Every structure is written in structure tokens, then in C-alpha cells.
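A.B. asks:
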Amino acid sequence: MDKKKNLHLFSQCSAVVCDLDGTLYLDGVPFSDSAPFLNAVLASGRRLFYFTNNTSRSRSSYLDRLAQFGFPAADDMLITAADCTFHYLQQQHLCPEIYLIGNSDLQKDFHNHGFRCLARSQWDQGNPPRALVLGFDTELDYEKIRTGYELLMQDLPYIATHADLLCPMNHGAFIPDAGCFIELFAAASGRRPLVMGKPSRFAAHTISDRAQTCNERIAFIGDRLYTDIRMAEQFNMVGVLVLSGETDERMAADSPDQAKIVVNGIGDLMDALG
2 MDKKKNLHLF
12 SQCSAVVCDL
22 DGTLYLDGVP
32 FSDSAPFLNA
42 VLASGRRLFY
52 FTNNTSRSRS
62 SYLDRLAQFG
72 FPAADDMLIT
82 AADCTFHYLQ
92 QQHLCPEIYL
102 IGNSDLQKDF
112 HNHGFRCLAR
122 SQWDQGNPPR
132 ALVLGFDTEL
142 DYEKIRTGYE
152 LLMQDLPYIA
162 THADLLCPMN
172 HGAFIPDAGC
182 FIELFAAASG
192 RRPLVMGKPS
202 RFAAHTISDR
212 AQTCNERIAF
222 IGDRLYTDIR
232 MAEQFNMVGV
242 LVLSGETDER
252 MAADSPDQAK
262 IVVNGIGDLM
272 DALG
């Protein structure tokens, strides 16, 4: 597969948005070309952003990790599925009280944005949550599953930060992500959430607002067909698929989600920066 012939489309972009896991690093190990590429993006005069659906880490831990890798790491460069979720809940007045199925890092981020993540005992005392929010909960236990199910059966507004099924690790391994939890609750309750992260319109609009340019001049670089590339294609961005994470060449060829550009890794884009 050779879609490098479309690299001129990347060259014409004024903003570059990079996925993290599987695109710039894998299981906490950065690819050797990532830091040189990211610094070259900024040196070329383009705007640089990161977008991750992974809500198992706090915003501060992501920024710390980017800095440790030698990546440019200004706060306004980072966009997460949690950011999209905060904005939607506030816009819909589904705050400040929520029930969050998420780990302590995600709870910290919600708290920092003015939300109260209620414990079961708090709404038993007459203070019910306004929404159920499902994230990538690496601390998921049966009590959270049971409580989430009971809230779903009460028809509470139901929001998921993202719907990725798997989170890539090193050496080709994966671990279950929030999409697996969505399927668990769907099997029990028959309900599915409104999803905030890639490839949703909420994620695309957040990127457009941050980049302050038309979508046609935004390059989105990612390793997942059904999130990164689907969003890029649906919202007229220049989708760049890297084969360094979840997707291999055969999967890319067989998928209905077709990227405008396909490269083996992030370093293959260096020359197109001009």
C-alpha cells in the first residue's frame, strides 16, 4: 500500500493534530522519530496539538509524560476526550453532580473542572447525580458496575468519554478499553451512551475550535481506523494513518475507513513539512 503520493495534502495543512498511544509512543516508550518530528512541525510555523481518547491518565500526567519524552508540551496543545466531556456536560447543565465510572486520575480532572463525583452514599441522602459518565476505568469493580446499571435503569443521562475497544501496549499486546465497558452495560441495560471522544462531532468541533482554521487545513495523525481516520474523513480533515499502533497494512486495506495518507511511522512525514 502506497499513499505517500498524497503527502502534498499534508504539506498544505497549517495545523497538525497527533494521537498519542500507538502514534507517538507505545506502552510508555516513545518512537525515535517522534520528538524530531514534533519539533519540526513547530519550526515550520504550523500549530501542533495532541488528542487522546485515553482517559485513564490525568491531564497533568499526560503533560508530564510528553515533557519527559522531549516533546513540546504546552497545556493548550493537549486535547482529551475528557475535555470534550466537560464541555458537553456544562453546556447541557448536567453538572456539577455526576456519577463517574473512572479511576482516580479521571476523578481528579473532573474535580479540577468543578464537578462533584458523588459516591453512592451521597445520593442516597437525597442528592442524586445529574448524569452517569463512563471513562476508561482501570480501577473498575463490581460495585461500580452494579451502581452504573441501577442508574441506567433510572434513565439517567449517559455519557462516555470514548468508545475505543482496546488500548495498545508494547510488543503488539492490547488491554480492554472503555468500549468493552460500554458493551457490558449495553448487554445489561440495553442502553448505549452518547460518546464524546473520537470520532464524534464533539471531538471534531473541539479540534476545530482549538486550531482556529478550516478542517481542510487540519492534519490528524493516528493509528486507529475507527476513531482517528473515521473522524478525519467524516469532518474533512486530512487523515494520516500510521502503521505503528493498532492497525496493520491488511487491516488498512480492508477497512471502509480510508485515510488520505498511509505511512509506516511518524518519521515518514518529516520531508513533507518543507
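Under this note's numbering, the sequence shown is numbered contiguously, ending at residue 275. All C-beta atoms, glycine included, are put in the ideal place defined by N, C-alpha and C. Computed from a predicted structure; not experimentally measured.
#1: Taking only the alpha-carbon atoms, compute the straight-line gap between L43 and I160 and give it to the nearest angstrom.
#2: With a threshold of 8 Å on Cβ separation, who are the neighbours of P130 within its own chain once the five nearest residues in sequence on each side are excluded?
#3: Compare the C-alpha of S277 against each of D65, R58, I146 and name the closest.
#4: For R251, count the other beta carbons within 10 Å of its own beta carbon; 16 or more makes it buried, fewer makes it exposed. Which is it?
#5: Do you know offhand how far L185's Cα is from A41's?
#6: Which same chain residues end up closer than 6 Å to H114 when comparing Cβ atoms and leaving out the 5 residues on each side of it in sequence?
#7: Buried or exposed for I176, please, with buried defined as at least 16 other CB atoms from any protein chain shown within 10 angstroms of its CB.
#8: Name, in chain order, the residues that DSSP records as bridge partners for Y150.
#9: Roughly how many angstroms separate the alpha carbons of I219 and E144, rounded to a whole number?
#10: Taking DSSP as the reference, what is the three-state secondary structure of L135?
#11: How would you call N128, buried or exposed, if buried means at least 16 neighbouring beta carbons within 10 angstroms?
#12: At which residues does the beta strand (DSSP E) containing C215 begin and terminate?
#13: Below 9 Å between beta carbons: does that hold for L25 and S59?
#14: Using a Cβ-Cβ cut-off of 6 Å (strictly less than) and excluding sequence neighbours within five positions of L10, which residues of its own chain qualify?
#15: Tell me which same chain residues have a C-beta within less than 6 Å of the C-beta of P200, skipping the five on either side of it?
#16: If you draw a straight line from the C-alpha of S57 to the C-alpha of N104, how long is it?
#17: Taking the C-alpha atoms as reference points, what is the distance between V17 and A188?
#18: Can you tell me whether V134 is buried or exposed, with buried defined as 16 or more other CB within 10 angstroms of its CB?
#19: Nearest by alpha-carbon distance to M271: which of I222, S256, P257 is it?
#20: Taking buried to mean at least 16 other C-beta atoms within 10 Å of its own C-beta, is S245 buried or exposed?
#21: Which residues in the same chain have their Cβ closer than 7 Å to the Cβ of G268, if we skip the five residues on either side of it in sequence?
#22: Can you look up M271 in the DSSP assignment and give me helix, strand or coil?
C.D. replies: Here's the rundown:
#1: 35 Å
#2: E98, I99, Y100, L119, W124, L152, L157
#3: Since the first residue of the chain shown is 2 and the last is 275, residue 277 is not available in this structure.
#4: exposed
#5: 43 Å
#6: F87
#7: exposed
#8: Y150 pairs with nothing; no bridge assigned.
#9: 42 Å
#10: strand
#11: exposed
#12: From DSSP, C215 is part of no beta strand (DSSP E); its letter is neither H nor E.
#13: no
#14: V239, K261
#15: T228, R231, M232
#16: 7 Å
#17: 38 Å
#18: buried
#19: I222
#20: buried
#21: D34, F38
#22: helix
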